[in-house]
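Heads up: the sequence shown at position 584 corresponds to 584 in the UniProt record's numbering, and the numbers run straight through without jumps. What follows is a single structure, written as structure tokens, with notes after it.
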Amino acid sequence: MVSTADIDSSITGTNSANGPPLISLRGVRKRYGGAGRGSAAHGNQPPAVEVLHGIDLDIHAGEFVAIVGASGSGKSTLMHLLGCLDRPSAGTYHFNGHDVASLDADALAWLRREAFGFVFQGYHLVATDSASENVQVPAVYAGLPEAGRAARAAALLTRLGMEDKLHHRPSQLSGGQQQRVSIARALMNGGRIILADEPTGALDSKSGAQVMALLRELAAAGHTVILITHDRGVAAQARRVIEIRDGCIVADNAGEAAQVTARSDTAVLPALPMLPALPALQIPGRTHADGGATLLTDIREAARTAWRGMRLNRVRTGLTLLGIIIGVASVIVMLAVGEGARQRVMAQMGTLGTTIMYLGSRPPPTGGPAGQLTPEDLEAIAVLPSIHSVMPVIGDPITVRRGNAERQLYVFAASEEMPAVHHWQVAQGRYYTAAEDRNLAPLVVLGHKAREHFFAGMANPLGQQLLIGNSPFEVIGVMAERGADSGAQDYDNMVFIPYQAGRARVYQAQTQPDYVVVQAASSAQVHAAEAAMHALLLARHGGREDFSIGNAAARLQAEVATRRSMSMMLGLIAAVSLLVGGIGVMNVMLMTVRERTREIGIRMAAGARQRDILRQFLTEATMVTVMGGAVGLAAGLLVGAALIAAGVPTVFSVSAMAGAFGCAVATGLVFGYMPARTAARLDPVVALAGE
Ligand code: ADP
Ligand code: MG
């Protein structure tokens, strides 16, 4: 197969008119339109136009050739073929003896990068880059380190009299200066073959003469120069003049030119600063040393270009960023709010339990007196298999006194199971036992606030006495602080006494419990327990429904389910907004690609491979989304902080934040890929002709 080392060996060589030609075209034709290369014949395509009708042409290394012809005669088309920017429709192109048709896109990019330097009539500089950066473009794709690149660009521009314009943008330069920048760029990678298409066409005569002098000097210094012009006066400055008319070569003074051996017609330049010795060059992709840029430099370069583009299009970038920011921030906030709500319900469930039911008596709907819940009823319920425990409760505000201090407190009389039923711990001392309950022991356990009322500043209230109603009770424990999550009742502000002692000493008038807390054996059995209890009581009460069962557990479970679906809804909405952000990225990327078609063409002419272009645009998309994601993250945290300050339960989760950020970047990559691929697949000639 073709070795680029072979190709390389002679493109730097000196004039070898007698050796094999560097460039050899045979029967080259170029057609536009119709069923062209690779395209299917669509009905509405214009008929094919043949622009070049069988060109035979040999050019040797070191020659200075002018191709002259009227406008529309096919000169530019020929130049694009010579420079491997386009492929012939028919005929063969041998470069240094190798058939160019056998090279793939990457190899052609390599050839453009290493062998050719292009100078265009319209300069084709990247508008957003400085002179120095424009000159460096080909070296970027050759993988030259940045410092070396900048130094060489400065040396070249200095050599061309542009030392004080290194950091000017093209718009700040005159036409002649821009053309000198583009010549410097053509020389950046060595410029073994300079292809200049009407280089003086847009210049005033003085600048044009300067550019021509430069080209003559380059030819004299050993570069192969192919100059394309419609101007015979300009063409006459070359050693060999080829005339093209209507796509055919009609004159060629190659014979005379070959006799010109001495190149003393112009003062030979002091040696142009050359690249450090190039490594042995191989066809890209076939060996490891493909001469391309390394991944890291490439991404750095792409990031810099992206950043510049984003700064130049601030409004548009800002709007795209806004889309992503809103997307990311809303995902984070919505998930945090959803999680906050869920955790609050969970906390309530922790307080009240998912297995709890409330049993009370009431007048039956059919009329008649309210029922009585007898101790026998409760015992019968307690032995049901789906029931874990039965806890009768009597509670009322009662005057509680200690010395001169007195206060109305809710006195909660229940069995020793109260802490277990309410998932509650004793903070100090202990709770009373079942035996103490049976024995009517006058013991009291204090809620946190109740303790503060009576024993503020006292380290140990245990053993002290309280008068509840008119009976003395001994303090044996203090419950842990329950805080705000204890639901409607303020459990912290209660005192707890054994059920039997309460009935005997405080609530003597009470014939039955105020209500009974019934615990199902498990949360899955709540409904079964409720049904069983209902059936049992109905039977025991002679068919009269003079009792009521409140199922807090079922209500909570339903609420949890509702919250869960609400969280999912919120998440979905947020995901949609992320998607919209992603589409925004795609939209902007597509616009960017369209706007920068010319730039893509310039980069391709300078030797960028498809993957370089792909990487550049993907980097841009990623940068936008990474920035948007980061700002969105911050915005989400700020909004969440505001919500927390406003009392909305909000719980941030690192995984949600990482997920939102990751999704944003992934969306950018996914939606950025299509435009990036579009850019990478552009035909170099088509891209160069772009707006
Ligand atoms: P020159 O550079 O000598 O002025 P060109 O090579 O640019 O001429 O163009 C030669 C002819 O080919 C012109 O008639 C032009 O209209 C035609 N042509 C050039 N490019 C295209 C294209 N992409 N599609 C169709 N026709 C084209
Ligand atoms: Mg032209």
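Note that the Cβ used here is the ideal one computed from N, Cα and C, for glycine as well. The model shown is predicted, which means the values in this text are computed figures rather than measured ones.
Query: From 401, 562 and 114, residue whose alpha carbon lies closest to that of residue 470; Result: 401
Query: Reduced DSSP secondary structure (H/G/I, E/B, other) of residue 490; Result: coil
Query: Check whether residue 63 and residue 240 have beta carbons under 9 Å apart; Result: yes
Query: Residue 597: CB within 8 Å of a non-hydrogen atom of the ligand ADP; Result: no
Query: Uninterrupted beta strand (DSSP E) stretches inside the segment 139-219 (no shorter than 3 residues); Result: 193-197
Query: Same chain only: Cβ atoms within 7 Å of residue 450, ignoring 5 sequence neighbours per side; Result: 409, 493, 494 and 495
Query: Separation of residue 609 from residue 109, as counted between CA atoms; Result: 5 Å
Query: Buried versus exposed call for residue 56 [16 or more other C-beta atoms within 10 Å across all chains shown]; Result: exposed
Query: Nearest neighbour of residue 27, chosen from 621, 94 and 33 [CA to CA]; Result: 94
Query: Residue 30 beta carbon near the ligand MG (any heavy atom closer than 8 Å); Result: no
Query: Unbroken alpha helix (DSSP H) run spanning residue 123, endpoints; Result: Careful: residue 123 lies outside any alpha helix (DSSP H) and carries neither H nor E.
Query: is_contact[residue 321, chain B] using C-beta, thresh 9 Å; Result: Going by chain labels, chain B is absent from the structure shown, which holds only one protein chain.
Query: Burial state of residue 163 (16 or more Cβ within 10 Å); Result: exposed
Query: Test item: CB-CB of residue 712 and residue 24 under 9 Å; Result: Absent from the structure is residue 712, since the part of the chain shown begins at 1 and ends at 691.
Query: Check whether residue 186 and residue 173 have beta carbons under 9 Å apart; Result: no
Query: Contacts around residue 273, its chain only, beta-carbon distance under 8 Å, and the 5 residues preceding and following it disregarded; Result: Note that residue 273 scores a pLDDT of 39, beneath 50, so its modelled location is shaky and nothing firm can be said.
Query: CB contact flag (residue 88, residue 126, <9 Å); Result: no
Query: Within 9 Å, strictly: CB atoms of residue 683 and residue 86; Result: yes
Query: Pair within 9 Å by beta-carbon distance, residue 622 and residue 584; Result: no
Query: Where residue 68 sits in the DSSP three-state scheme; Result: strand
Query: Opposing strand residues paired with residue 240 [DSSP bridges]; Result: 65
Query: Bridge-paired residues (DSSP) for residue 245; Result: 248
Query: Closer than 6 Å to the ligand ADP: residues, by C-beta to nearest heavy atom, in chain order; Result: 32, 33, 49, 51, 69, 71, 72, 73, 74, 75, 76 and 77
Query: Supposed contact pair residue 662 and residue 334 - C-beta distance, whole angstroms, cut 8 Å; Result: Residue 334 to residue 662, Cβ: 17 Å. No contact.
Query: Cβ contact (3+ pairs, closer than 8 Å) linking the segment 451-463 and the segment 524-532; Result: no
Query: Local Cβ density within 10 Å of residue 423, reported as buried at 16 or more and exposed below that; Result: exposed
Query: Backbone secondary structure at residue 547 - three-state DSSP; Result: strand
Query: Check: residue 325 C-beta below 8 Å from any heavy atom of the ligand MG; Result: no
Query: Inter-residue spacing [alpha-carbon to alpha-carbon] between residue 613 and residue 29; Result: 29 Å
Query: Cβ-Cβ distance between residue 182 and residue 119 below 9 Å; Result: yes
Query: Beta-carbon proximity list for residue 218, same chain, < 7 Å, skipping 5 on both sides; Result: 194 and 225
Query: Distance between residue 192 and residue 282 (C-alpha atoms, nearest Å); Result: For residue 282, the pLDDT reaches just 38, beneath the cut-off of 50, and the residue's location in the model is therefore unreliable, leaving the point undetermined.
Query: Cβ shell of residue 135 (< 7 Å), same chain only, five flanking positions each side left out; Result: 153, 156, 157, 181, 184, 185 and 188
Query: Where the beta strand (DSSP E) through residue 651 begins and ends; Result: It is not in any beta strand (DSSP E) - residue 651 carries neither H nor E in the DSSP assignment.
Query: Residue 121 beta carbon near the ligand HEM (any heavy atom closer than 8 Å); Result: The ligand HEM is absent from the structure shown, which contains only the ligand ADP and the ligand MG.
Query: Contact the segment 545-556 vs the segment 324-333: 3+ CB pairs below 8 Å; Result: no
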